[in-house]
Amino acid sequence: MEQLLIAGGRPLSGSVEVHGAKNSVLPILAATLLSGGECMIENCPRLSDVAASIRILEHLGCQVIQRGSTVWVDAGRPLRGDVPDGLMREMRSSVIFLGAILARLGEAVISYPGGCELGPRPIDLHLEALRRLGAEVEEDHGALRCRAGRLTGCEIPLSIPSVGATENAILAACGAEGTTVILNAAREPEIVDLQRFLTALGARVRGAGSSTVTVEGGRPLHGGRFRVMGDRIVASTYLAAVAAAGGEAEIRGADWRHLATMTAALGEAGCRVSSGPDRAVIRAQGRLRGLRPIRTAPYPGFPTDAQAILMAALCTAEGATVFVENIFESRYRHVDELARMGADIRVEGRVAVVYGVPRLHGARLRCTDLRGGAALAVAALGAEGESAITGLEHIRRGYEDLPGALAALGAEARLTGGDT
Ligand code: UD1
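Residue numbers (the working numbering): 16 to 435.
Written out as C-alpha cells, the structure is:
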C-alpha cells in the first residue's frame, strides 16, 4: 500500500514555491466552455481534480492539451451538454460546469453531486440562481436537467455568500442577455481570478472581491491567455509545517494579502512572519502558544480549508485553542487521527478545543479528506519518530507533490509502496 513516511522532529529550512490555486483553476476550466476560441491557462496545477475537469471538458467535445503546468482548451467546436454520473462523481465541485454549459448551450444535464466527506453539500443556491436567470431545472432520479430557451439578466440575492453558487451565477450570467447583479456574493480571491479570466476573454464582469458582482452578459467571448493565481491554502500548509516543525523558510508564489488570517494566527502563536507581495518568510523556534478562538468564516475571515492545518500545528502549543467551524458540518474527521499521535482534542458539534500537549509521537495515520490529510503531514513533521500516512488520493486532489515540497524544505518525507 502506498504510504507517505515522515520522520518528524527536524526543523525545516529553505524556499519553496506554491503551485496554482485549485479553487481558482477549476471554475476557470469550466469557464473555457464560454469561449469560442483557444484558451491557454498557465500555472495550472497537476492535481487529480484538474485531471477530472479535463476529462469532463473532453467528454463535452473540447480539445485539451496539457504540458507541464500549461493547459490549452479549444472549446470553439460543437459541444454536447451532458456530464455522465461517473465523471460528476470524480470531483466534488463538478457542479460548476452547470452554469457554464447552460450559458454555452442553453441546456445541460448533469447528475446530482450529492454529499461529501465534509457533510451535506447542498446546491440549492446554485439552482435558485440559474432559475432566476430563466432556466427550468428538473430533478429526475438523481439527474438534473436544466433548460433555458434564453437566459435573461436579473438580480440574484444569495442568502449565504457561497463560493460555488457565486461562480455558477457569474458563468451563467455571461450567457444571459442584459445585466445581472449578484448580491451577497462570495468575496474569495478565487472569484477575482475568475473575473480576470473572463475579462481576458472579452466578458464584462466587475465587482468580484466585493459582495456585489455585476455581469453584462450576451457578449461573444474569444480565446485568451491567463495565469492562475498561487494557491493560498497550499501556502498556509507550508507555513503551518514550519510552525509545527520549527525552522525558517520562504514561501513564494502566493499573494501575501490572501494569507493575512493565517500569518496573524501564526504570529500570535509565537512565530515571526514577514511578508512581501508574493512571498512570506516564517521563523519558528520553541513551543507555540495557544490562540484566541479561531472561527472559520467566508473570506476575508479565517478559511475553513486552513482549519485542520492550523489545528495540527497547535496540538503541541502551550495552552488551549478553541476552533469554531462555521462553514461545514463535519469538518473534524482529522481529529481522531491526530489523537493517534497523542493530541488532546475535544469536539462538541461545531466546536473543537485543542489542549496543547508537550509532544506528539509518530503513528500510522489515514487521510480522511483533502485538508485533513495535509494536516496529518503537518502534525507528523512536528512529532517525535516516524509516521506512515495512507489515503494519499485525498491529498492529491489539492497538492501537486506534497512529499516533494516538504523534502525541498529539508523534511524527511518520502513515498513508499506505490507506483509513483
Ligand atoms: C468552496 C471551495 C472549498 C471551500 C469552500 C468554503 C472550491 C472548488 N471549493 O466550496 O474548498 O471549503 O468554498 O470556502 O472552490 N451552501 C448551501 N447551499 C448551496 C451552496 C452552499 O447551503 O447551494 C452552504 C454550504 O453547505 C456551506 C456554505 O454554504 O455551509 C459555504 O459553501 P460554499 O461557499 O458554496 O462552498 P463550495 O463552493 O462548495
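Glycine included, C-beta positions come from ideal geometry on N, C-alpha and C.
Just so you know, these numbers come straight off a predicted model, no measurement behind them.
Skipping 5 residues on each side, what residues in its chain have a beta carbon closer than 8 Å to that of residue i?
i	result
D208	A36, S39, I43, V243 and M244
V372	C330, T331, G357, A358 and D359
P292	D270 and W271
G282	V288
S126	V98, P99, D100, M103, R104, G157, A158 and L159
R355	A378, R379 and L380
E399	G23, G24, R374, L375, H376 and G377
Write down the C-beta distance between residue i and residue j rounded to the nearest angstrom, noting that I regard them as a contact closer than 8 Å.
i	j	result
R386	A323	5 Å
E340	R346	5 Å
L145	G114	7 Å
R304	G334	6 Å
A258	A299	5 Å
F241	I56	6 Å
H34	D246	6 Å
L49	R119	6 Å
E352	T383	7 Å
P313	P176	5 Å
S226	A200	5 Å
L27	G425	5 Å
Q96	V124	The displayed chain sequence assigns Gly, not Gln, to residue 96. Correct: roughly 6 Å between the Cβ atoms.
L20	T431	6 Å
L448	A250	With the chain covering only 16 through 435, there is no way to say anything about residue 448.
What three-state label does DSSP hand residue i in the structure shown?
i	result
T336	strand
C189	helix
L396	helix
M103	helix
A90	coil
W355	The question names Trp, but residue 355 is Arg in the sequence shown. The answer is helix: DSSP assigns R355 an H, G or I state.
T405	strand
R119	helix
H376	strand
G29	strand
E151	strand
P42	helix
P172	strand
I71	helix
T431	strand
T167	strand
R386	helix
L48	helix
R411	helix
T331	coil
R82	strand
R381	strand
I111	helix
A420	helix
L145	helix
Just grab the DSSP bridge partners of residue i for me.
i	result
H273	H273 is not bridged to any residue.
H34	None, per the DSSP bridge assignment.
C54	V88 and G239
D97	V124
E205	Answer is none; E205 lacks a bridge partner.
C9	Since the displayed the chain opens at 16 and closes at 435, residue 9 lies outside it and no answer follows.
A367	F338 and V362
V196	E170 and T229
Which same chain residues, not among the five before or five after residue i, have their C-beta less than 7 Å away from its C-beta?
i	result
A150	L117, C161, R162, A163 and L166
H141	V110, L113, G179, A180 and N183
G433	E17
S30	A264, E265 and R267
C169	R147, L148 and T195
P128	M103, R107, S109, V110, R136 and I138
E73	V79
G217	R234, L236 and H237
A22	E401 and E427
R412	L62, S63, D64 and L385
A255	I324, L325, A327, A328 and V393
G261	P26, A299 and Q300
T252	I324, A389 and V393
A423	G29 and V31
Please work out which residues of its chain come closer than 6 Å, Cβ to Cβ, to residue i, disregarding the five sequence neighbours upstream and downstream, and give them in chain order.
i	result
A390	A323, I324, A327 and H349
T47	C54, V88 and A90
Q210	V220 and A223
G285	L303 and R304
G388	C382, H409 and I410
T311	F317, T319, Q322, E340, N341 and I342
E32	R267 and G268
G121	A163
T276	F317
Is any non-hydrogen atom of the ligand COA found closer than 8 Å to the C-beta of residue i, if you look at the structure I gave you?
i	result
H349	In the structure shown, the ligand COA is absent; the only ligands present are the ligand UD1.
Please give the ranges of any alpha helix (DSSP H) in the region 288-327, keeping only runs that are unbroken, at least 4 residues long and fully inside the region.
The region 288-327 contains no whole alpha helix (DSSP H) run of 4 or more residues.
Completely contained beta strand (DSSP E) runs for the region 211-287, where each covers 3 or more residues
Runs found: 219-221, 227-232, 239-242 and 262-267.
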